[in-house]
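A.B. asks:
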Amino acid sequence: MSSKYQKGITLIELLISMTISLIVIGGAITTYISVKKIYKNINEQADNNVKALMVKQVFENILSNMGFACVYGSQNQSFEDNTGDNMLNILEKGVASVGNVPFPNDYGLPNSMESDCIGECFQAGTDYLMIQRDTEYTNTVSDSSGLIFTVPKNSIKELANDEYIITCTANTYNLMKISDVTNSGEESSITISNSIDSSIGKGAYIGKYELDIYYIRDTGRLDKSGNKVYSLYLYIRDSSSRGVSYELIDGVSNLKIAYVKSEDVLQGSNISWSNIGSTTKLDKDVSGLKLSFDINGQTYNRIIPINVS
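In this text, residue positions in the sequence shown follow my numbering: the first is 5, and each later residue adds one.
1. Determine whether the beta carbon atoms of ALA250 and LEU259 lie at a separation below 8 Å.
2. Spell out the partners DSSP gives LEU236 in its beta bridges.
3. Taking contact to mean 3 or more Cβ pairs, one atom from each stretch, closer than 8 Å, check whether the region 161 to 176 and the region 57 to 76 are in contact.
4. Which residue marks the beginning of the alpha helix (DSSP H) containing ILE94, and which one marks its end?
5. Which residues share a DSSP beta bridge with LYS212?
6. Taking three-plus beta-carbon pairs below 8 Å as touching, is the region 211 to 224 in contact with the region 112 to 131?
7. Could you tell me the alpha carbon to alpha carbon distance between ASN198 and ILE182, rounded to whole angstroms?
8. Under the three-state reduction of DSSP, which class applies to ASP363: helix, strand or coil?
9. Pairing CB atoms from the region 145 to 161 with CB atoms from the region 61 to 70, are three or more of them under 8 Å?
10. Determine the burial state of SER266: buried for a count of at least 16 other Cβ atoms within 10 Å of its Cβ, exposed for fewer.
11. On a Cα-Cα basis, can you pick out the residue from CYS121, ARG137, ILE200, GLU124 that is closest to ILE316?
12. Who are the Cβ neighbours of ARG241 in its own chain at under 7 Å, not counting the five residues just before and after it?
13. Suppose you measure from the CA of ASN279 to the CA of ASP289; what does that come to, to the nearest Å?
14. Quick one: what does DSSP say TYR132 is sitting in, helix, strand or coil?
15. Straight-line CA distance for ASP147 to ASN187?
16. Would a C-beta distance cut-off of 8 Å place GLU191 and VAL145 closer than the cut-off?
17. State the beta-bridge partners of GLN302 as determined by DSSP.
18. Looking at the unbroken beta strand (DSSP E) that takes in THR154, where does it start and where does it end?
19. In angstroms, rounded to a whole number, what distance separates the CA positions of LEU226 and GLN127?
20. Between which two residues does the beta strand (DSSP E) harbouring ALA100 extend?
21. Take TYR209 as the anchor and find which of TYR141, ASN231, SER273 has the nearest alpha-carbon.
22. Compare the beta carbon distance of ASN86 and LEU179 with 8 Å and say whether it is the shorter of the two.
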């Protein structure tokens, strides 16, 4: 009887157990691969959703910070370019505008935004958002001579030669270029490159000017399939010698922008969006924008209310 319980495992039993083990291990590997694939898809989807949210937040933030802190608003004035840098075409687009890329070559913008672009260029068939604003502002402490403005010292940080400043009256915005900054006591004297005709008295608004353009551009990189990778870029210009494009969010492409006027927004009715056929100034009559864009092949639509004063 004792020999019965001392008998070892037979070859057949060993083969059966090994087969069962292989089946179990194979199933575990298959399950692991499936779970990993699902996790990867979920992770990629989450990453795309985060990027879509970031795109919306970028546009919401800049649309809430556009324009100038002029007491007269920005809807009724004309614009004058006193920089000597051919900025009038841009100024006349107002504090906010949308349009199609490319830009005309006489706008003085980087080649990446122009029709004759070579290399890492704009994405054809897409739209842009252009914002003009002040990043800081102050008020003059005395009447201006038309060439020199006196402001409180350090009321606008890091003013430098060739940077743009802007002032306003009830009728005119005037963009100017700094040629010299001199500090004396508690005041800074700002000399501009060309004298202006407008009368700028004590307490007048002076803003540090910045041009922002959001557009889609080729990054110069390729994806796994060898296709171009596009991204949302921000171009910033605040002087005659500085204009830089920054990559904000990678993988964003096919940006299209539509707008709706306040008079077309009726309670209980579907919104009738207008696509961008040419450069369109966003004025007080426009109440919202609809952004359509792709992230890694998936299309997103986001609506942003706006208020242009």
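Backbone N, C-alpha and C fix where the C-beta goes; we use that ideal spot for every residue, glycine too.
C.D. replies: Working from what's here:
1. Position check: residue 250 holds Tyr in this sequence, whereas Ala was assumed. Going by C-beta atoms, TYR250 is not nearer than 8 Å to LEU259.
2. Answer by DSSP bridge pairing, in chain order: ILE220, ILE253.
3. Judged by pairs of C-beta atoms under 8 Å, the region 161 to 176 touches the region 57 to 76, as three or more such pairs exist.
4. Its alpha helix (DSSP H) spans residues 92 to 95.
5. Per DSSP, the beta bridge partners of LYS212 are GLU140, ILE169.
6. As far as the Cβ criterion goes, the region 211 to 224 touches the region 112 to 131, which means the pair count is three or higher.
7. Answer to the nearest angstrom: the Cα atoms are 9 Å apart.
8. This structure gives no information on residue 363, because the portion of the chain shown stretches from 5 to 313.
9. No, the region 145 to 161 is not in contact with the region 61 to 70.
10. SER266 should be labelled exposed.
11. The chain is shown only over 5 to 313; residue 316 falls outside these bounds and no answer can be derived.
12. Result list for ARG241: LEU215, GLY247, in chain order.
13. Going by the C-alpha atoms only, they are around 16 Å apart.
14. Strand, per DSSP.
15. When rounded, the distance between both Cα atoms is 17 Å.
16. One thing to note: GLU191 has its Cβ within 8 Å of the Cβ of VAL145.
17. DSSP output for GLN302 lists ILE299 as bridge partner(s).
18. According to the DSSP assignment, THR154 belongs to the beta strand (DSSP E) that extends over 152 to 156.
19. In a straight line, the C-alpha of LEU226 is about 14 Å away from that of GLN127.
20. Per DSSP, ALA100 belongs to the beta strand (DSSP E) from 100 to 104.
21. Cα-wise, what sits closest to TYR209 is TYR141.
22. Taking the C-beta atoms as reference points, LEU179 is found nearer than 8 Å to ASN86.
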